[in-house]
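The numbering of the sequence shown is full-length UniProt numbering, which starts it at 1 and goes up by one. Even glycine gets a Cβ: it sits at the ideal position worked out from N, Cα and C. What follows is a single structure, written as structure tokens, with notes after it.
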Amino acid sequence: MEHVDHILIVDDDREIRELVGNYLKKNGLRTTVVADGRQMRAFLETTPVDLIVLDIMMPGDDGLMLCRELRAGKHKATPVLMLTARNDETDRIIGLEMGADDYLVKPFAARELLARINAVLRRTRMLPPNLVVTESGRLLAFGRWRLDTSARHLLDEDGTMVALSGAEYRLLRVFLDHPQRVLNRDQLLNLTQGRDADLFDRSIDLLVSRLRQRLLDDAREPAYIKTVRSEGYVFSLAVEVLGAPS
């Protein structure tokens, strides 16, 4: 039997829940709608889903808190698309740092939401053939650092763990899989967030800045992630695959 993607919609606005749920159903997706974090948790206890559409502005546990909870638990691999009522870059960056795969600003066209959902689902299942990410469960060594791709931990030379947000991990993983290769913002956004860049979107630049901070990389003279003017970014060090983590 052919798999039908199951989308969970979490939004306290009943009208939006029903409109989005009905539109996605008409376009071949299975949908479930819930009003808050409590209902979301109860549903996920019994039923797996392929993607969660999560509103940020909700009473009680807001979408950012719920996204962080999802990323820390057994649903950490489930894609999350966040909805925000404010076109605020800070909200978008915080959402991506919490581990969201993409975001959409209200009001939005249902057709755009469907396109974003399909893009995120495609990205989580495969990457373009010229940008294939190496298999998971490896230790990747570079400079003074190691990345455990199974536990998603960054370790320094003393073995001390440095926490990474979901967005930071995905960005670092892309760089490590393509060292010494210039990647432009379109490629980085597509690989980390499942969408193309637009003229005013600086989220990748902000995530690069935050990742440099995690790596203790001097932004004025970076040793790891270098800016290539008018082109993008390049991870300048060689990467060694040490094998499966112990």
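- No residue range can be given for residue 98, since it is assigned to no beta strand (DSSP E) and is classified by DSSP as neither H nor E.
- In the DSSP assignment, residue 233 falls within the beta strand (DSSP E) that extends over 232-235.
- Looking at the backbone, the Cα of residue 228 and that of residue 148 are separated by about 28 Å.
- Taking all protein chains shown into account, residue 242 has fewer than 16 neighbouring C-beta atoms within 10 Å of its C-beta and is therefore exposed.
- Residues of the same chain with a CB within less than 7 Å of the CB of residue 12, apart from the 5 flanking positions on each side, are 35, 36, 55, 58 and 59 in chain order.
- Around the beta carbon of residue 203, 16 or more other beta carbons lie within 10 angstroms, which makes this residue buried.
- Within the UniProt DNA-binding region "OmpR/PhoB-type" (137-237), the runs of alpha helix (DSSP H) that reach at least 4 residues and sit entirely inside it are, in chain order, 166-177, 185-193 and 203-214.
- For residue 57, the secondary structure class from DSSP, reduced to helix, strand or coil, is coil.
- Taking C-alpha positions only, residue 6 is separated from residue 232 by approximately 36 Å.
- In the structure shown, residue 29 adopts coil according to DSSP, grouped into three states.
- Sequence-distant Cβ neighbours of residue 181 in its own chain, meaning closer than 7 Å and more than five residues away, are 234.
- Remark: C-beta atoms of residue 4 and residue 21 do not approach each other more closely than 9 Å.
- Nearest in C-alpha terms to residue 109, of all of 230, 24 and 219, is 24.
- Just so you know, the alpha carbons of residue 238 and residue 177 end up roughly 10 Å apart.
- According to the DSSP assignment, residue 46 belongs to the alpha helix (DSSP H) that extends over 37-46.
- Here the stretch 111-120 makes contact with the stretch 67-81; the two share three or more CB pairs at distances below 8 Å.
- Comparing alpha-carbon positions, the option among 179, 172 and 210 lying closest to residue 192 turns out to be 172.
- Checking the DSSP bridge columns, you'll see residue 7 partnered with 31 and 51.
- Taking C-beta atoms as the reference points, residue 71 and residue 40 fail to come closer than 9 Å.
- Contact check for residue 151 and residue 240: beta-carbon distance about 18 Å, past the 8 Å limit, so the pair fails to qualify.
- With fewer than 16 other beta carbons inside 10 angstroms of its own, residue 38 counts as exposed.
- Residue state for residue 15 is assigned as helix, using DSSP reduced to three classes.
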